[in-house]
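Residue numbers (UniProt numbering), protein chains in the order written: chain A, 1 to 179; chain B, 1 to 179.
We put the CB at the ideal spot given by N, CA and C, even for glycine.
Please read these numbers as outputs of a predicted model, since none were measured by experiment.
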DNA sequence: CTGTCTATGTAGCGGTTGCTACATGCAGTG
DNA sequence: CACTGCATGTAGCAACCGCTACATAGACAG
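Structural data, given as C-alpha cells:
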C-alpha cells in the first residue's frame, strides 16, 4: 500500500486547484496533467478514465468545500435571520469563495444536463451547506431548520441573480419581502 | 436584400432547437450545421466565426424566451403572492420549459465564468422575466415591483435547489418563511 | 540471478475541433 | 456576351481530444 510520490491522493489537490482556476467542463487531460506535474498517460493510469477522474475530483472538491465551511464558523452567532443572511452573502463575495461559486454554477449546469457524477456532488455540497447553515442560525430562532431552508433558498436566488447582473434586483426583493 | 433560402434568420431557429436539445457549450460546428441542414463551412460564412454564432444564438434564444413568456400570460391574475409563486413554479416544471431551464443553467455558468456574450444574454432574459413577473402580480399588491423581485429571488433559489435534488429543502424553506 | 509486478516515458492512433483554400455554379449588370 | 459578386461544395490543415501499445526501469520475491 505504500504508494509512490504520485497517487490519486497527492494528485487530487493539484487537479482541484487547476479546475477551480480553469473550469471543469473544459478541462482536458493534458493541461490537467501538466498542472499536477505528471502526464495524461498517468492520469488515465491512476483514475481509469476521464469520467472517473472527474467523479473523484467532484467528490474531493465537495470535501474541500465542506472543510472550508467548517472553518468559516465564527464564534459569535447572528442575532437575526436578516443578519445571518447578510453575513453569509458577504462571505460569498470574498475572493476565495468566488472561485468556488464559479465552479458551483458549472456543477449546477452539469447537474441539470444530467452529466454523470455532477448531481451527486451538487446534492452532497448542498446538504453540507444546509447543515452548516442550521448551525449558523440565531440561537433564539423559533424554527432553525425551517429558517435555514428559507435563508438558503433566498441566498441561492440572490447569488444567481448576482451572477447574471441582477444583484440589485435581488436586494430590492429581499427588502420588499422583509426576509 | 432578398436573401436565399439559408440566411442567418432562417438558420437560427434550427440552430436554437439543436442547442436546446444538446446544450450550448458542447455544441460544435459540424453537428450544429447538420441540424440546420447546411455545412460548417456555411455557418462560418454566415456568422463569421463560432463565437459570433453563439452570441447571435444567445440573443435569438433570449427573444424566443421572451415571446414564450408573453404567450404564457393567462387571463386571470393570481390573488396572492403565494399563488403567484406557485403558479409560476408549476409552469416551470412543464416539459417545454424544462429544456429552457437546462439551457438556462448553462448560460448562468457561462456568465459566471465570463464567457463572452453569456452575461448579456442572461441579463436580458432576466430583465424580461422580471417585467413579465411584475405584470403577473396580484392586482391588490401594495408593492408590485418589490413583490415581483422578492418572488423572483425565491423562485430562482427554488429552481436551483430543485436542479440539485433539494427541491424539498426549498419547499420547506418557503413554508417557514411564509412567503 | 531470475522472474514478476508496479510505475512511468515515448510514441502514436483514430477521431473531432474551428477554420480555410480553392473551385464552381448562378444571378445580375454592363 | 463578358464580367462581377454571392452562395455553396469539396478537401484539407494543424491542433487537440481521450486513450492505448510498447518498452523499460526499479523494487521485491524466490
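Can you tell which of A:14, A:89 and A:141 has the C-alpha that lies nearest to the C-alpha of residue 38 of chain A? As a first step, residue 38 of chain A is located in the first chain; it is residue number 38 there, counting from the start. Of A:14, A:89 and A:141, the residue nearest in Cα terms is A:14.
Since residue 101 of chain A meets chain B, which of its residues come closer than 8 Å, beta carbon to beta carbon? Numbered from its first residue, the first chain carries residue 101 of chain A at position 101. Going along chain B in sequence order, the residues near residue 101 of chain A (Cβ under 8 Å) are 112.
So which of A:151, A:114, A:115 and A:82 has the shortest CA-CA distance to residue 132 of chain A? Translated into the one-based positions of the first chain, residue 132 of chain A becomes position 132. Closest by C-alpha distance to residue 132 of chain A, out of A:151, A:114, A:115 and A:82, is A:151.
Proximal residues to residue 174 of chain A (C-beta, below 8 Å), its chain only, five neighbours per side dropped: Within the first chain, the letter at position 174 stands for residue 174 of chain A. Closer than 8 Å at Cβ, skipping near neighbours: 85, 154 and 158.
Whose CA, out of A:164, A:138 and A:163, lies closest to the CA of residue 75 of chain A? The sequence position of residue 75 of chain A within the first chain is 75, counting from 1. Closest in alpha carbon position to residue 75 of chain A, among A:164, A:138 and A:163, is A:138.
Using a Cβ cut-off of 8 Å (strictly closer), state whether residue 6 of chain A contacts chain B. The sequence position of residue 6 of chain A within the first chain is 6, counting from 1. Closer than 8 Å to the CB of residue 6 of chain A there is not a single CB belonging to chain B.
What in chain B is Cβ-close to residue 174 of chain A, meaning under 9 Å? One-based indexing of the first chain puts residue 174 of chain A at position 174. At a C-beta separation below 9 Å, residue 174 of chain A has these neighbours in chain B: 149, 150 and 153.
When the distance is taken between beta carbons, is residue 119 of chain B closer than 8 Å to residue 135 of chain A? Your numbering for residue 135 of chain A matches position 135 in the first chain. Your numbering for residue 119 of chain B matches position 119 in the second chain. Taking 8 Å as the cut-off, the beta carbon of residue 135 of chain A is found no closer than this to the beta carbon of residue 119 of chain B.
Could you name the residues of chain A that residue 177 of chain B contacts, counting a contact when the two beta carbons are closer than 7 Å? Within the second chain, the letter at position 177 stands for residue 177 of chain B. Residues of chain A with a Cβ closer than 7 Å to the Cβ of residue 177 of chain B are, in chain order, 150.
Under 8 Å between C-beta atoms, does residue 54 of chain B make it to chain A? Along the second chain, read from residue 1 onward, the residue named residue 54 of chain B stands at position 54. Closer than 8 Å: no.
Proximal residues of chain B, C-beta to C-beta of residue 166 of chain A below 8 Å: The residue labelled residue 166 of chain A in the question sits at position 166 within the first chain. The answer, in chain order, is 123, 126, 127 and 130.
Please confirm if residue 163 of chain B has its CB atom under 8 Å from at least one CB of chain A. For the purposes of this step, residue 163 of chain B is taken as residue 163 along the second chain, with counting starting at 1. Cβ-Cβ to chain A under 8 Å: yes for residue 163 of chain B.
Using 8 Å as the threshold, is the C-beta distance between residue 112 of chain B and residue 115 of chain A below it? Reading the second chain from its first residue, position 112 is the one you call residue 112 of chain B. Reading the first chain from its first residue, position 115 is the one you call residue 115 of chain A. Taking 8 Å as the Cβ cut-off, residue 112 of chain B and residue 115 of chain A do not qualify as a contacting pair.
Can the beta-carbon of residue 56 of chain A be found closer than 8 Å to that of residue 8 of chain A? Taking the first chain and counting its residues from 1, one reaches residue 56 of chain A at position 56. Taking the first chain and counting its residues from 1, one reaches residue 8 of chain A at position 8. Cβ distance < 8 Å, so residue 56 of chain A and residue 8 of chain A count as in contact.
In the DSSP assignment, find the alpha helix (DSSP H) that holds residue 49 of chain A and state where it starts and stops. Counted from its first residue, the first chain places residue 49 of chain A at position 49. Where residue 49 of chain A is concerned, there is no enclosing alpha helix (DSSP H), given that its DSSP letter is neither H nor E.
Please state the DSSP three-state secondary structure of residue 175 of chain A. As a working mapping, residue 175 of chain A is identified with position 175 in the first chain. Residue 175 of chain A: helix per DSSP, three-state reduction.
Quick one: using the 10 Å Cβ neighbour count with 16 as the cut-off for buried, is residue 71 of chain B buried or exposed? Start at 1 with the first residue of the second chain, and residue 71 of chain B comes out as number 71. Residue 71 of chain B comes out exposed.
Is residue 134 of chain A close to chain B? Criterion is C-beta to C-beta, closer than 8 Å. Your numbering for residue 134 of chain A matches position 134 in the first chain. No, residue 134 of chain A lies away from the interface with chain B (no Cβ there is under 8 Å from its Cβ).
Report the option in A:149, A:162, A:104 and A:176 whose CA atom is closest to the CA atom of residue 237 of chain A. Since the first and last residues shown for chain A are 1 and 179, residue 237 of chain A lies out of range.
Are there 16 or more other CB atoms within 10 angstroms of the CB of residue 156 of chain B, so buried, or fewer, so exposed? The residue given as residue 156 of chain B occupies position 156 in the second chain. Buried is the call here.
Taking all protein chains shown into account, do 16 or more other C-beta atoms lie within 10 angstroms of the C-beta of residue 96 of chain B, making it buried, or fewer, making it exposed? Counting from one through the second chain, the residue named residue 96 of chain B turns up at place 96. If you draw a 10 Å sphere on the C-beta of residue 96 of chain B, you find fewer than 16 other C-beta atoms in it, and that means exposed.
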